[in-house]
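Participant:
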Amino acid sequence: MSGLYQRDAASIARIAHLRFSPLAITGGRGSWLIDDQGRELLDFSASWGAASLGHSHPAVRAAVDRALSSQAGAGHISAATLPAVELAERLLALTPGEGERKVWLGHSGSDANEAAVRAIVAATGRPRLVAFRNAYHGGTAGSMAVSGHPALPQSARAPGLTLLPYPSAADPDGGAGAAAEALSMLRDLLIRVGAEVGALLYEPIQADGGMIVPPAGFLTEIEGLCRRHGVLTVADEVKVGLGRTGRFHAHGHDGLRPDVVILGKGLGGGLPVSAVIGPAAILDHASCFAIQTVHGNPVCAAAALAVLDTIEAEGLGARAEAVGATLRSGLEELQRRIGAIRSVRGRGIALGFGVGEDGASGLSGAQIAALTVYRAWELGLVLYYVGPGSDVLELTPPLTLTDAEAKRGVAILEVTLADVLAGRVAPETVEAFTGW
Ligand SMILES: Cc1ncc(COP(=O)(O)O)c(C=O)c1O
């Protein structure tokens, strides 16, 4: 364990940790991180998708530098600022929707989901909410309250929250059983108390729930039911939005028309900024309702504008689709050769592969996932695992990942998995890294 990691362990609170290896970073460029030993590691996580343009992207650096050279204050709650207004106008133009709409700017996916839900409940007077089992919408009280992820057992769920099953197209029945159950639960709820339901939150791909792609048409039916009962739909695009799936908005694959769209993570290209885009009637509900001092921060807003410009100018959505195809076929090739890989799923470069019990080594899926993340770190690749069973390796690399880097990462994964399954990584190695 390096000196930097030890200092972190001694000074940074464990309640802020989600650790899988003693990764200790001092720098980075593009898709590569540099650790405190000077090693370069290929970053297949991009800090859970936040470093959307990779590390130290020149466009983000230039925008941040410009914004800081004549700083338009530190936040927008008590003054109009040019970067925040430009960002809001840009997001409205990039997000289809009907009627008058507004934008709320925040720091994180968590505060954005929380602000959206609170505003919807207050503005509509409809206190009930619907979300999905295993969904992760954030780590603040209000966003945890509408999440169904088992990693948040200590958080109180919102009173009147209904959690529906989230079907997976990769299930043997194509997700038909879970989809029918979810639709029937929703229909029953709406018939009984539809007028009390304010919103339904969904991830277009359930990321922390295991990178699950729902069957085609499922979310369209959900949206139709909600619309008929005046229930607002909220698309949480925090992890899979902004070009990552090949389309600017992941809900675009299903032709959905959510009332509210939540953006975060990759929006700031590594800086903290999030957004809610939704009906003015909801987001204008009351002033002083969802404010934090440096919301609309001009430096973060400038970074976000640079990210949006770069995604458009460099066609990063199309690139995510192309590089994602390379990555996916590499993973599928591994799946053909390695029985412990049970499934490859996702879209574009929002990908995951599920691992399951391995007869020869006696390792469970969760053990394989934990050991794979650790061994990959040793071999120079950064990725983490997700899923309610902690058994899905997640790949959310920068949108700027090259084909060569995708192949390099798959090659490292192949060696990693061979080492793990041959018992070359002792299970005790990962005991200190509790993951989730
Ligand atoms: C879909 C989704 N929504 C919201 C969040 C919360 O975002 P943040 O951790 O930036 O607050 C996450 C984080 O993983 C997420 O995946």
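So the number in my numbering is just where the residue sits in the sequence shown, counting from 1, plus 4. The C-beta atom is built at its ideal place from N, Cα and C for all residues, glycine as well.
With distances taken from CA atoms, which of Gly363, Pro402, Ile266, Met5 is nearest Ala426?
Facilitator: Cα-wise, what sits closest to Ala426 is Gly363.
Participant: Three or more C-beta pairs closer than 8 Å, one from the region 263-278 and one from the region 116-126: is that the case here?
Facilitator: Output reads yes: the region 116-126 touches the region 263-278.
Participant: Around ligand 1, what residues have a beta-carbon under 6 Å from a heavy atom of it, in chain order?
Facilitator: Output, sorted by chain position: Trp52, Ser112, Gly113, Ser114, Asn117, Tyr140, His141, Gly142, Gly143, Glu207, Ala211, Asp212, Asp240, Val242, Lys243, Gly268, Lys269.
Participant: Is the CB-CB distance between Ala410 and Asp115 below 9 Å?
Facilitator: The answer is no: Cβ separation not under 9 Å.
Participant: Quick one: grab the DSSP three-state call for Tyr140.
Facilitator: Correct three-state label for Tyr140: coil.
Participant: What did DSSP end up calling Ala426 once you bin it into helix, strand or coil?
Facilitator: If DSSP states are grouped into helix, strand and coil, Ala426 belongs with coil.
Participant: Going by Cα to Cα distance, which pick from Gly256, Ile286, Ala76 is closest to Ala220?
Facilitator: The option with the nearest alpha carbon to Ala220 is Gly256.
Participant: Considering Glu44, what are the terminal residues of the beta strand (DSSP E) in which it resides?
Facilitator: Start and end: 44-47.
Participant: On the three-state DSSP scale, how would you describe Arg1?
Facilitator: There is no way to answer for residue 1, as the model of the chain reaches only from 5 to 440.
Participant: How big is the Cα-Cα spacing for Val280 and Ala305?
Facilitator: Rounded to the nearest angstrom, the two C-alpha atoms are 14 Å apart.
Participant: Could you tell me the distance, in whole angstroms, from the CA atom of Thr249 to the CA atom of Gly152?
Facilitator: Going from the Cα of Thr249 to the Cα of Gly152 covers about 23 Å.
Participant: Would you call the CB atoms of Ser60 and Arg33 closer than 9 Å?
Facilitator: In this structure, Arg33 lies closer than 9 Å to Ser60 by Cβ.
Participant: Does Ala20 pass the burial test, meaning 16 or more other C-beta atoms within 10 Å, or should it be called exposed?
Facilitator: By the neighbour-count rule (16 or more Cβ atoms within 10 Å), Ala20 is not buried but exposed.
Participant: Assuming Val414 contacts Asp47 under a Cβ cut-off of 8 Å, what Cβ separation, rounded to an integer in Å, is found between them?
Facilitator: Not confirmed; about 14 Å, so no contact.
Participant: Name the two residues that bound the continuous beta strand (DSSP E) containing Ser33.
Facilitator: According to the sequence as given, residue 33 is Arg; it is not Ser. Per DSSP, Arg33 belongs to the beta strand (DSSP E) from 29-33.
Participant: Going by C-alpha to C-alpha distance, which of Pro392, Glu225, Gly384 sits closest to Ser25?
Facilitator: Nearest C-alpha to Ser25: Gly384.
Participant: Using beta-carbon positions only, say whether Thr237 and Leu271 come within less than 9 Å of one another.
Facilitator: Not closer than 9 Å, so no.
Participant: At 3 residues or longer, and completely inside the region 75-119: list those beta strand (DSSP E) runs for me, N to C.
Facilitator: Segments of the beta strand (DSSP E) lying fully in the region 75-119: 105-110.
Participant: Comparing alpha-carbon positions, which option in Asp192, Glu382, Pro169 lies nearest Gly181?
Facilitator: If we check each option's Cα against that of Gly181, Pro169 comes out closest.
Participant: To the nearest angstrom, report how far apart Val313 and Leu27 are at their CA atoms.
Facilitator: As written in the sequence, residue 313 is Asp, which differs from the Val given in the question. Rounded to the nearest angstrom, the two C-alpha atoms are 31 Å apart.
Participant: Measuring CB to CB, does Arg346 end up less than 9 Å from Ser172?
Facilitator: No, they are not a contact pair.
Participant: If Val327 and Ile353 are in contact, beta carbons under 8 Å, what's the gap, nearest whole angstrom?
Facilitator: Contact flag correct, Cβ pair sits at about 6 Å.
Participant: Which term fits Ala160, buried or exposed, when burial requires 16 or more other beta carbons within 10 angstroms of its beta carbon?
Facilitator: Flag for Ala160 reads exposed.
Participant: Count the C-beta pairs between the region 51-60 and the region 71-79 that are closer than 8 Å, then say yes if the count reaches three, no if not.
Facilitator: No: fewer than three Cβ pairs fall under 8 Å.
Participant: Looking only at DSSP bridge pairs, what is Ala239 linked to?
Facilitator: Per DSSP, Tyr206, Val265.
Participant: Short check: CB of Ala119 to CB of Gly146, under 9 Å?
Facilitator: In this structure, Gly146 lies closer than 9 Å to Ala119 by Cβ.
Participant: Using the C-alpha atoms, what's the distance from Ala203 back to Leu190?
Facilitator: C-alpha separation (whole angstroms): 12 Å.
Participant: Going by the DSSP bridge assignment, what does Thr224 pair with across the sheet?
Facilitator: In the DSSP output, where bridge partners are listed per residue, Thr224 has none listed.
Participant: If Val396 and Phe357 are in contact, beta carbons under 8 Å, what's the gap, nearest whole angstrom?
Facilitator: Contact flag correct, Cβ pair sits at about 7 Å.
Participant: Within 10 Å of its beta-carbon, does Ser278 have 16 or more other beta-carbons around it, so buried, or fewer, so exposed?
Facilitator: By the 10 Å Cβ count, Ser278 comes out buried.
Participant: Let me know the secondary structure DSSP gives Arg346 once reduced to three states.
Facilitator: Reduced to three states, the DSSP call for Arg346 is strand.
Participant: DSSP three-state label for Asp362, please.
Facilitator: Correct three-state label for Asp362: strand.
Participant: Return the chain-ordered list of same chain residues with a C-beta closer than 7 Å to the C-beta of Ala155, the five sequence neighbours on each side being excluded.
Facilitator: Contacts found: Trp440.
Participant: Looking at Pro302 and Asp258, is the spacing between their C-beta atoms short of 9 Å?
Facilitator: No, Cβ-Cβ distance for Asp258 and Pro302 is not below 9 Å.
Participant: How about the region 363-373 and the region 416-433: do they share at least three Cβ pairs that are nearer than 8 Å?
Facilitator: With the cut-off at 8 Å, the region 363-373 and the region 416-433 touch.
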